[in-house]
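S.K.:
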Amino acid sequence: MSNTIKLAVHGAAGRMGQRVVALAAEDGENFTVVGAIDHAHHPKVGQDAGTVAGIAPVDASISPDWPSDVDIVIDFSLPEAIDGCVAHCVAHASPLVVATTGLSESQKQSLANAAQSIPIVWAPSMSLAVNLSMRMAQQITSALRDVAGGVDIEILERHHRFKADAPSGTALKFGELIGEAMDEAPPVMHVHGREGHTGQRTRNEIGYHAIRVGDNPGEHTIVFGMLGERIELNVAASNRDCYAAGALAAAKWLMRGQDGKPMPAGLYNMFDVLGMADAAK
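Start counting the sequence shown at 1362; every next residue gets the next number (my numbering).
The structure is reproduced here in structure tokens:
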């Protein structure tokens, strides 16, 4: 269709890239896959991206070369590949959705710099449920931070055995947002695991625990412990499609976000996509 969004997927041969290709092809009213980018030595280079994703061919082959006619790029690659993708998008004025996790501080700064000239959505998780849960975690923290006896907050995250970074970027984002809502003095302490004689837990710390098991696509539990009761906020993915669907929602929002018009240059997140940027915390 002539009015579909022409999509290039960076990291198209990977597990998440394949799901983006598959779901984009399924949503043919909104998307046409015109590019499937991966590194030159990938064994799938030359194969149709649809075939690689387990669906009908999409007439876009896995390739290290970028197509010339692209409306928007979704990046689901690796930290070592993101720099080239961002540089290409800036050079060709292509809006960009960055779903790659584990970025360094310098890479995050590069995204901020690039967002001065192109619109970018970047978030540690593309899951709509995760981002809604983040808002809920902020609200729970704000409501309980002055409760008698205090509230202890711990973040448990579970992922598949192949995940390279720990804790997850999503867990760290939960902690960042919760820390902002705690509004404590002294500053919030981020504690990663515990071992040995650690002494009594302090009031101003957030604990993180990373679990790596099997093929778990992602699960986060935020525990709010008080004297005599507790709240556990749990959000879990049963497969990877929630992340791919969220990335496509972000791409659609960048292209048609305001009265059907593309968003201007800027660095956006999934709260913006969900219309929750100004939601009460």
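Heads up, the beta-carbon is just placed ideally off N, CA and C, and yes, glycines get one too.
Have a look at ASP1513, ARG1601, ILE1583 and flag the residue whose alpha-carbon is nearest the alpha-carbon of LYS1534.
M.R.: Walking along the sequence shown from the start, residue 1534 turns up at place 173. For the residues ASP1513, ARG1601, ILE1583, the minimum Cα distance to LYS1534 belongs to ILE1583.
S.K.: Among the residues of its own chain, which have a CB less than 8 angstroms from the CB of MET1362, if the five just before and after it don't count?
M.R.: In the sequence shown, residue 1362 corresponds to position 1, counting from 1. With a pLDDT of 47 at MET1362, under the threshold of 50, the predicted position of this residue should be treated as unreliable, though the coordinate-derived value follows. The answer, listed in chain order, is GLY1389, GLU1390, THR1393.
S.K.: From ALA1597 to GLY1579, what does the alpha carbon distance come to, in whole angstroms?
M.R.: Within the sequence shown, residue 1597 is the residue found at index 236, counting from 1. Within the sequence shown, residue 1579 is the residue found at index 218, counting from 1. Approximately 6 angstroms between the Cα atoms of the pair.
S.K.: Residues in the same chain with beta-carbon distance under 7 angstroms from PRO1428, minus the five sequence neighbours each way, listed in chain order, please.
M.R.: Here residue 1428 corresponds to residue number 67 of the sequence shown, with the count starting at 1. Excluding residues within five positions, the ones whose Cβ falls inside 7 angstroms are ALA1369, VAL1395, GLY1396.
S.K.: Measuring alpha carbon to alpha carbon, tell me which residue in ARG1564, HIS1551, LEU1384 is nearest LEU1316.
M.R.: No information on residue 1316 is available, as it lies outside the stretch 1362 to 1642 that the chain covers here.
S.K.: Is the separation between the beta-carbon of TYR1604 and that of ALA1460 shorter than 8 angstroms?
M.R.: Position 243 of the sequence shown, counted from the first residue, corresponds to residue 1604. Position 99 of the sequence shown, counted from the first residue, corresponds to residue 1460. Yes, these two residues count as a Cβ contact at 8 angstroms.
S.K.: Are there 16 or more other CB atoms within 10 angstroms of the CB of ASP1430, so buried, or fewer, so exposed?
M.R.: Against the sequence shown, residue 1430 aligns to sequence position 69. That one is exposed.
S.K.: Exposed or buried, LEU1457, counting other C-beta atoms within 10 Å across all chains shown (16 or more means buried)?
M.R.: Along the sequence shown, read from residue 1 onward, the residue named residue 1457 stands at position 96. Buried, because 16 or more other Cβ atoms sit within 10 Å of the Cβ of LEU1457.
S.K.: Among the candidates ASP1620, PRO1440, ASP1436, whose CA atom is the shortest distance from the CA of ASP1526?
M.R.: Here residue 1526 is taken as the residue at index 165 of the sequence shown, counted from 1. That would be PRO1440, whose Cα lies nearest to the Cα of ASP1526.
S.K.: Looking at the unbroken beta strand (DSSP E) that takes in HIS1536, where does it start and where does it end?
M.R.: Taking the first residue of the sequence shown as 1, we reach residue 1536 at position 175. As written in the sequence, residue 1536 is Gly, which differs from the His given in the question. No beta strand (DSSP E) holds GLY1536; the alpha helix (DSSP H) holding it covers 1530–1543.
S.K.: For GLU1518, which residues in the same chain have their Cβ closer than 6 angstroms to its Cβ, ignoring the five residues on either side in sequence?
M.R.: Here residue 1518 corresponds to residue number 157 of the sequence shown, with the count starting at 1. The residues are PRO1528, SER1529, ALA1532, ALA1571, HIS1581.
S.K.: Below 8 angstroms on the Cβ atoms is my contact criterion, and I expect ILE1366 with MET1616 to pass it. Report the Cβ-Cβ distance as a whole number of Å.
M.R.: Here residue 1366 refers to the residue found at position 5 when the sequence shown is read from its first residue. Here residue 1616 refers to the residue found at position 255 when the sequence shown is read from its first residue. 5 angstroms between Cβ atoms; contact.
S.K.: By the 10 Å Cβ neighbour count, where 16 or more other Cβ atoms means buried, how is GLN1561 classified, buried or exposed?
M.R.: Taking the first residue of the sequence shown as 1, we reach residue 1561 at position 200. GLN1561 counts as exposed, since fewer than 16 other C-beta atoms from the protein chains shown sit within 10 angstroms of its C-beta.
S.K.: Which residues share a DSSP beta bridge with THR1582?
M.R.: Sequence index remark: in the sequence shown, residue 1582 carries index 221 (1-based). Answer is LEU1517, ASN1595, bridged to THR1582.
S.K.: Going straight from the alpha carbon of VAL1508 to that of MET1587, what length do you get?
M.R.: Here the question's residue 1508 lines up with position 147 in the sequence shown. Here the question's residue 1587 lines up with position 226 in the sequence shown. Distance between the alpha carbons of VAL1508 and MET1587: 8 angstroms.
S.K.: Is it buried or exposed, GLY1372, if we count other Cβ atoms within 10 angstroms and call 16 or more buried?
M.R.: Sequence index remark: in the sequence shown, residue 1372 carries index 11 (1-based). Result: buried.
S.K.: May I have a chain-ordered list of the alpha helix (DSSP H) segments no shorter than 4 residues that lie completely inside the segment 1425–1477?
M.R.: 1440–1452, 1466–1475
S.K.: Classify HIS1453 as buried or exposed, calling it buried when 16 or more other Cβ atoms lie within 10 Å of its own Cβ.
M.R.: Within the sequence shown, the letter at position 92 stands for residue 1453. So HIS1453 ends up on the exposed side.
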